[in-house]
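K.L.:
These protein sequences, in sequence, are chains A and B.
Using this note's numbering, the letters of the first sequence correspond one by one to residues 1 to 464.
Using this note's numbering, the letters of the second sequence correspond one by one to residues 465 to 909.
Note that CB positions come from ideal geometry on N, CA and C, so glycine has one too.
Let me begin by handing over the structure; questions about it come next.
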Amino acid sequence: MLDQKIIEQLEALAGKENVLTSKADMVAYSYDATADMPNQTPDVVVLPTSSEMVQQIVNLARENKISIYPRGAGTNLSGGTIPLKKGIVLSFQKMNQILEIDAANLTARVQPGVVINALNSAVAEHGLIYPPDPGTVATATMGGSAAENSGGLRGLKYGVTKNYIMGMEVVLANGDKVRFGGKTVKNVTAYDFSNLFVGSEGTLGIITELTAKLIPAPKYRRTMMGIFKTIADAGNAVAGIIAAQVIPATLEIMDQMTIKTVEDFAKIGLPTDAKALLLIEVDGNSEDVVVNEAEAVMKVVTENNGDLQAANTDQERDQLWTARRNALPALASLNNTVVLEDATVPRSHITDMLVACEEIGKKYDLTLGTFGHAGDGNLHPTILCDKYDEDEISRVHKAVDEIFKAALNYGGTLSGEHGIGIAKMKYLEDELGKSGTNLMRNIKLSLDPENVLNPGKMVPMQEV
Amino acid sequence: MATTSAGDTTGKTYHDELAIVREELDKCMKCGNCMAVCPVYGAEKVETSVTRSKIAVAQAVLDGKLELDDPQVYQMMFNCLVCKSCMTACPTKVNFDRIMLAFRAALVRKNGLPWLKKMIFSTLKHPKLFDAGMRIGAAMQPLAFKGEDGGASITPRSPFAKFGAGIGMDGERKMPSLNVKTLRERVPEVVRAAAPKMKVAFFTGDSLNYIYPDAGMDVIEVLTANSIDVHIPKEQNCCGVPVLVHGDVETVRALAKKNIDAFEKTGCDYLITACGSCGGAWQHDYTEILANDPVYATKAAHWATRTYDISTFLTKVITLREPKGKLDKVVTYHDSCHLKKSMKVSAEPREIIKSIPGITLKEMKAPDTCCGSGGSYVLSHYDTSSAIGRKKAEDVTATGADTVSVGCPACMMQLFDNANRYGKNEDVVHFVSLLAESYRREKSA
Ligand SMILES: Cc1cc2nc3c(=O)[nH]c(=O)nc-3n(C[C@H](O)[C@H](O)[C@H](O)COP(=O)(O)OP(=O)(O)OC[C@H]3O[C@@H](n4cnc5c(N)ncnc54)[C@H](O)[C@@H]3O)c2cc1C
Ligand code: SF4
Ligand code: SF4
Numbered sequence: 001m002l003d004q005k006i007i008e009q010l011e012a013l014a015g016k017e018n019v020l021t022s023k024a025d026m027v028a029y030s031y032d033a034t035a036d037m038p039n040q041t042p043d044v045v046v047l048p049t050s051s052e053m054v055q056q057i058v059n060l061a062r063e064n065k066i067s068i069y070p071r072g073a074g075t076n077l078s079g080g081t082i083p084l085k086k087g088i089v090l091s092f093q094k095m096n097q098i099l100e101i102d103a104a105n106l107t108a109r110v111q112p113g114v115v116i117n118a119l120n121s122a123v124a125e126h127g128l129i130y131p132p133d134p135g136t137v138a139t140a141t142m143g144g145s146a147a148e149n150s151g152g153l154r155g156l157k158y159g160v161t162k163n164y165i166m167g168m169e170v171v172l173a174n175g176d177k178v179r180f181g182g183k184t185v186k187n188v189t190a191y192d193f194s195n196l197f198v199g200s201e202g203t204l205g206i207i208t209e210l211t212a213k214l215i216p217a218p219k220y221r222r223t224m225m226g227i228f229k230t231i232a233d234a235g236n237a238v239a240g241i242i243a244a245q246v247i248p249a250t251l252e253i254m255d256q257m258t259i260k261t262v263e264d265f266a267k268i269g270l271p272t273d274a275k276a277l278l279l280i281e282v283d284g285n286s287e288d289v290v291v292n293e294a295e296a297v298m299k300v301v302t303e304n305n306g307d308l309q310a311a312n313t314d315q316e317r318d319q320l321w322t323a324r325r326n327a328l329p330a331l332a333s334l335n336n337t338v339v340l341e342d343a344t345v346p347r348s349h350i351t352d353m354l355v356a357c358e359e360i361g362k363k364y365d366l367t368l369g370t371f372g373h374a375g376d377g378n379l380h381p382t383i384l385c386d387k388y389d390e391d392e393i394s395r396v397h398k399a400v401d402e403i404f405k406a407a408l409n410y411g412g413t414l415s416g417e418h419g420i421g422i423a424k425m426k427y428l429e430d431e432l433g434k435s436g437t438n439l440m441r442n443i444k445l446s447l448d449p450e451n452v453l454n455p456g457k458m459v460p461m462q463e464v
Numbered sequence: 465m466a467t468t469s470a471g472d473t474t475g476k477t478y479h480d481e482l483a484i485v486r487e488e489l490d491k492c493m494k495c496g497n498c499m500a501v502c503p504v505y506g507a508e509k510v511e512t513s514v515t516r517s518k519i520a521v522a523q524a525v526l527d528g529k530l531e532l533d534d535p536q537v538y539q540m541m542f543n544c545l546v547c548k549s550c551m552t553a554c555p556t557k558v559n560f561d562r563i564m565l566a567f568r569a570a571l572v573r574k575n576g577l578p579w580l581k582k583m584i585f586s587t588l589k590h591p592k593l594f595d596a597g598m599r600i601g602a603a604m605q606p607l608a609f610k611g612e613d614g615g616a617s618i619t620p621r622s623p624f625a626k627f628g629a630g631i632g633m634d635g636e637r638k639m640p641s642l643n644v645k646t647l648r649e650r651v652p653e654v655v656r657a658a659a660p661k662m663k664v665a666f667f668t669g670d671s672l673n674y675i676y677p678d679a680g681m682d683v684i685e686v687l688t689a690n691s692i693d694v695h696i697p698k699e700q701n702c703c704g705v706p707v708l709v710h711g712d713v714e715t716v717r718a719l720a721k722k723n724i725d726a727f728e729k730t731g732c733d734y735l736i737t738a739c740g741s742c743g744g745a746w747q748h749d750y751t752e753i754l755a756n757d758p759v760y761a762t763k764a765a766h767w768a769t770r771t772y773d774i775s776t777f778l779t780k781v782i783t784l785r786e787p788k789g790k791l792d793k794v795v796t797y798h799d800s801c802h803l804k805k806s807m808k809v810s811a812e813p814r815e816i817i818k819s820i821p822g823i824t825l826k827e828m829k830a831p832d833t834c835c836g837s838g839g840s841y842v843l844s845h846y847d848t849s850s851a852i853g854r855k856k857a858e859d860v861t862a863t864g865a866d867t868v869s870v871g872c873p874a875c876m877m878q879l880f881d882n883a884n885r886y887g888k889n890e891d892v893v894h895f896v897s898l899l900a901e902s903y904r905r906e907k908s909a
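Dropping the structure here:
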């Protein structure tokens, strides 16, 4: 428990209404969207309303050796916001102002608590979009998705969050506020700080403002679905599309288990004996180019024995998307716990990785379905289990170990977009080696020597 | 189904035994999708306001980590409009309404209704709140004090009958009288059409009966104009939803049985409602609260399938007599939460509105976001309710419509209040009144 004096100081800094302490409030800030995580409640929740307030809170916390956990919407999938070592949860839900939209420079300046979709609605009237689109666009914050370097469905063509953050204001553990980057397209002044703090999961500094890059909204799109009898055919189709020099905005895959489950759940007429399904969308600002690309894609799908469906209207597009939209809900409906991974492999190994996941599921007698972003090799092996069944949970842990091992074997990575957090920290050395985790620690300690910012996440500290 | 196997073996439903909702709680994966749609979270922007935090707290209570009647737990569980918006966005289909009702019922079981009443009043400190109490008090006055049977026995006519005392509705204060005859006082038990082709029974609900009897008359007028006899059993009561959301399960069970008895006697095959909460009660709540009742379980299940919102009945069951009278209006339509999310009715009212000559339907941004009304929520959480209502009023005004139409009397009250305060004083009407008006114009032309 924190000293009442600290609470009073926090109340003086942030205002009584922005400091929460009741037991029920603490339960509300004890979780994020990650399954199978340790349960911990914070001592206090503070909802700052300005970066100056954040500086003062950081100073108070550091001087009293109290941990701070920055939190956006709490939708991350790696345990990133769980207050493992108690202390202060710093929630950015109230710093949610869009500060500026500069259509001439194609940029927007936002506070960290702005929800991604709120930014998209605001820039839509200028014909612009902010492309990073994790499944949580309607809830996740700009600060949280920057700190997580979130990807999404359009990652293949448009890139991920790091490609759209041009500048930031960050409060460091020593209480300093730094601003870097900005509206210029080019900027090589100093180190590339944006890329240091994007994806740092709240362990290096607290993001209090972001300058985001916007792009003109694509005017045309075509959507198609290919249904395949073998995983190899689907994998070859993915390779064939890229070889035809088409970069679709979306190139999503679902395995047989997922197809079956979606069909049971939503009854949309998917063939349940199909081994894989691809959802493909091409877009752009020239109708000719988009139509040509769509034709090229359809040719590849057919050449690889895919059963093709193409959407001609928005309504038909919506129908094709129904399968993908229902993938997670359908799988999640099978049991009370959803372990959702995001191991990622080079695109050329998609088929191998899908097969590996299926075999691992069988080996440990688990319900496992895989879907994900085939175009960028980012798969979501999803295990449905019963949290009250200890034996099953221990099999889940073993299966997850093997999934990561397989991904690394194929030259892949632990996480394509969900981050390391608590969930994947123990695997870090497998990918980076000792020298890599040492580098992590050195960076962490030079910026946050007292380890007050999001302790227990991302950076394995033991060896210090 | 509502009542899990545990319910069957013990003869209890989740209304009687908190542990039964554990299964529902376990479905929540904390994905946070509910944040995008929960109106309370939208207005307050703290995790404590959103659905998933209430689920986490409920889990903590069941696990013995928090007390059921911890004042903060109470606060969270009553800071909810029971609008069911979260249920439409939930990937794992958590039936949050069951969780909410189970908790409220458990609280009442543990500490009693008087305790709950005190808790609700203790939040009414805001001076503006008192104004609101007075306004609603005036509107609800007949509900609180008047009733065919003198308010005896088990028939509270609204939450305010039980909770009325102390918020300006306790009879000690002088209030403007509404001076209207109730709907059921105005009409005989059967209103005959000229050349009847069929008959239906009309469940008026309290709001149409006491507050908007004119809209109720319009329902009857439209039905008879379509050659349908309308039965309006005098013995019908409040649907019970306002009482149910305050955890008083036994009263609702009794009300439900009385209502079922009253409608059995009509011999009608169709039960018509013009209020999303009433229709939702007949379609869902009655079957759930009576699931283990040896006599009424099957009766409730029967009526659940025979209940139609007036718009569904007019557009799907019969062929609507084409409205010919011209109304020069620009109309926007608000989707009442219970009508859309509980009864799944949203296309039908629009179809009716669009069929009326002269009317232009202009959709507002997000027509299905909650208006912020919800039983005593308006009183107990005045600031949040106003913030939600204000946004709705601004969305209405942005359409440039002169009229906002809706299919639920509770929304009508809230929209009316907010159109006055934050909007352009747009007319607020039940969609059925537009249709009735068109028929009348046709006749007089
Ligand atoms: C159903 C579902 C689908 C998803 N789909 C995708 C997907 O397609 N692609 C994808 O990449 N991810 C996806 N995610 C996970 C994704 O990481 C999050 O949705 C999102 O990016 C996190 O945003 P948030 O505001 O919730 O951040 P939080 O969860 O609150 O925080 C995430 C991390 O950022 C830190 N942080 C938060 N705010 C700040 C700040 N201001 N300064 C410094 N650090 C901060 C936190 O400490 C934490 O470590 C999905 C999650 C769910 C539940
Ligand atoms: S949307 Fe449903 S599953 Fe997701 S957090 Fe909310 S209640 Fe839980
Ligand atoms: S019922 Fe409505 S107010 Fe209550 S939690 Fe769900 S969305 Fe929020």
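Kindly indicate if chain B contains any beta-carbon less than 8 Å away from that of A:A399.
P.N.:
By the rule that beta-carbons nearer than 8 Å mark a contact, A:A399 does not touch chain B.
K.L.:
Just checking B:P503 against ligand 3 - is the residue's beta carbon closer than 7 Å to any of the ligand's heavy atoms?
P.N.:
Between ligand 3 and B:P503, a heavy atom-to-CB distance of less than 7 Å is present.
K.L.:
Starting from A:D102, trace the beta strand (DSSP E) in both directions and tell me its first and last residue.
P.N.:
I98 to D102
K.L.:
Between the alpha carbons of A:M353 and A:L447, how many angstroms are there, rounded?
P.N.:
37 Å
K.L.:
Strictly under 8 Å for the Cβ-Cβ distance: is B:T512 near chain A by that measure?
P.N.:
yes
K.L.:
How would you label B:P652, buried or exposed, when you count the other beta carbons within 10 angstroms and need 16 or more for buried?
P.N.:
exposed
K.L.:
Using 8 Å for Cβ pairs, my map puts B:K804 next to B:C835. What's the rounded Cβ distance?
P.N.:
Incorrect: roughly 12 Å between the Cβ atoms, too far for contact.
K.L.:
Going along the stretch 513-547 of chain B in order, which residues come within less than 7 Å of chain A, judged by CB to CB distance?
P.N.:
S517, A520, V521, A524, L530, D534, Q536, V537 and M540
K.L.:
From A:R222 to A:M257, what does the alpha carbon distance come to, in whole angstroms?
P.N.:
27 Å
K.L.:
Can you find the residues in the same chain that come closer than 8 Å, C-beta to C-beta, to B:P623, ignoring five residues on each side of it along the sequence?
P.N.:
At B:P623, the pLDDT of 36 sits below 50, so the modelled position is not reliable; the number obtained from the coordinates is stated separately. Cβ neighbours of B:P623 beyond the five flanking positions: P706, V707, V709, H710, G839 and S840.
K.L.:
Can you list the alpha helix (DSSP H) stretches of 4 or more residues lying completely in the stretch 713-795 of chain B, in chain order?
P.N.:
713-728, 740-744, 750-753 and 760-770
K.L.:
Tell me the rounded alpha-carbon separation between A:A294 and A:H373.
P.N.:
18 Å
K.L.:
Quick check: is the beta carbon of B:M877 nearer than 8 Å to any beta carbon in chain A?
P.N.:
Not closer than 8 Å to any Cβ of chain A, the Cβ of B:M877 fails to qualify, so no.
K.L.:
Does the stretch 517-525 of chain B come within contact of the stretch 301-321 of chain A, defined as at least 3 CB pairs closer than 8 Å?
P.N.:
no
K.L.:
Using three-state DSSP, classify A:R62 as helix, strand or coil.
P.N.:
helix
K.L.:
So, under 8 Å CB-CB, A:E169 and A:T107 are touching, yes? Tell me the CB distance rounded to an integer number of Å.
P.N.:
By a beta-carbon distance limit of 8 Å, A:E169 does not contact A:T107. Their separation comes to about 14 Å.
K.L.:
When you compare the CB of A:T139 with every CB in chain B, is at least one pair closer than 8 Å?
P.N.:
yes
K.L.:
Could one say the Cβ of A:Y427 lies closer than 8 Å to chain B's Cβ atoms, at least one of them?
P.N.:
no
K.L.:
Can you give the Cα-Cα distance for A:N285 and A:Y130, rounded to whole angstroms?
P.N.:
16 Å
K.L.:
Using C-beta distances below 8 Å, list every residue in its chain close to A:E431, excluding the 5 sequence neighbours before and after it, in chain order.
P.N.:
L408, T413 and L414
K.L.:
Assess contact between the stretch 378-395 of chain A and the stretch 110-125 of chain A, defined as three or more Cβ pairs (one per stretch) separated by less than 8 Å. Is contact present?
P.N.:
With a cut-off of 8 Å, the stretch 110-125 of chain A and the stretch 378-395 of chain A do not count as touching, because too few Cβ pairs lie within range.
K.L.:
Within 10 Å of its beta-carbon, does B:V893 have 16 or more other beta-carbons around it, so buried, or fewer, so exposed?
P.N.:
buried
K.L.:
Could you tell me which of A:I57, A:I82, A:I241 and A:T322 sits nearest to A:V19, measuring between CA atoms?
P.N.:
Relative to A:V19, the option among A:I57, A:I82, A:I241 and A:T322 whose CA is nearest is A:I57.
K.L.:
Enumerate in chain order the residues of its own chain whose CB-to-CB distance from A:V345 is below 6 Å, with the five nearest sequence positions on each side excluded.
P.N.:
Closer than 6 Å at the Cβ level, and outside the excluded window around A:V345, lie M353, G377, A407, Y410 and G412.
K.L.:
Apart from the five residues on each side of it in sequence, which residues of its chain come closer than 6 Å, Cβ to Cβ, to A:Y388?
P.N.:
Counting only Cβ-Cβ distances below 6 Å, and skipping sequence neighbours, we find nothing.
K.L.:
Could you compute how far the alpha carbon of B:G576 sits from the alpha carbon of B:R568?
P.N.:
Cα to Cα, B:G576 sits roughly 11 Å from B:R568.
K.L.:
Hey, could you find the ends of the alpha helix (DSSP H) A:G361 is sitting in?
P.N.:
I350 to K363
K.L.:
Which residue from A:L453, A:P218 and A:Q462 puts its Cα closest to that of A:T203?
P.N.:
A:L453
K.L.:
Taking only beta carbons into account, state which residues of the stretch 86-98 of chain A come closer than 8 Å to chain B, listed in chain order.
P.N.:
S91, Q93, K94 and N96
K.L.:
Might you give, ordered along the chain, the residues of its own chain that have their beta carbon closer than 8 Å to the beta carbon of B:V501, omitting 5 neighbours on each side?
P.N.:
Excluding positions up to five away in sequence, the list reads S549, C550, T552, A553 and T833.
K.L.:
Look up A:Q309 in the DSSP assignment and give the residues it is bridged to.
P.N.:
A:M225
K.L.:
I want to check one thing, is the minimum distance from the CB of A:F265 to the heavy atoms of ligand 2 below 7 Å?
P.N.:
False, no ligand heavy atom lies under 7 Å from that Cβ.
K.L.:
Step through the CB atoms of chain B and report whether any lies within less than 8 Å of the CB of A:K267.
P.N.:
no
K.L.:
Just checking B:R516 against ligand 2 - is the residue's beta carbon closer than 7 Å to any of the ligand's heavy atoms?
P.N.:
Yes.
K.L.:
Identify which residue in B:N690, B:E906 and B:D682 has its Cα closest to the Cα of B:P410.
P.N.:
Residue 410 of chain B lies beyond the residue range present for chain B, which begins at 465 and ends at 909; the question has no answer from this structure.
K.L.:
Put B:V893 into one of helix, strand or coil per three-state DSSP.
P.N.:
Note: B:V893 maps to strand in three-state DSSP.
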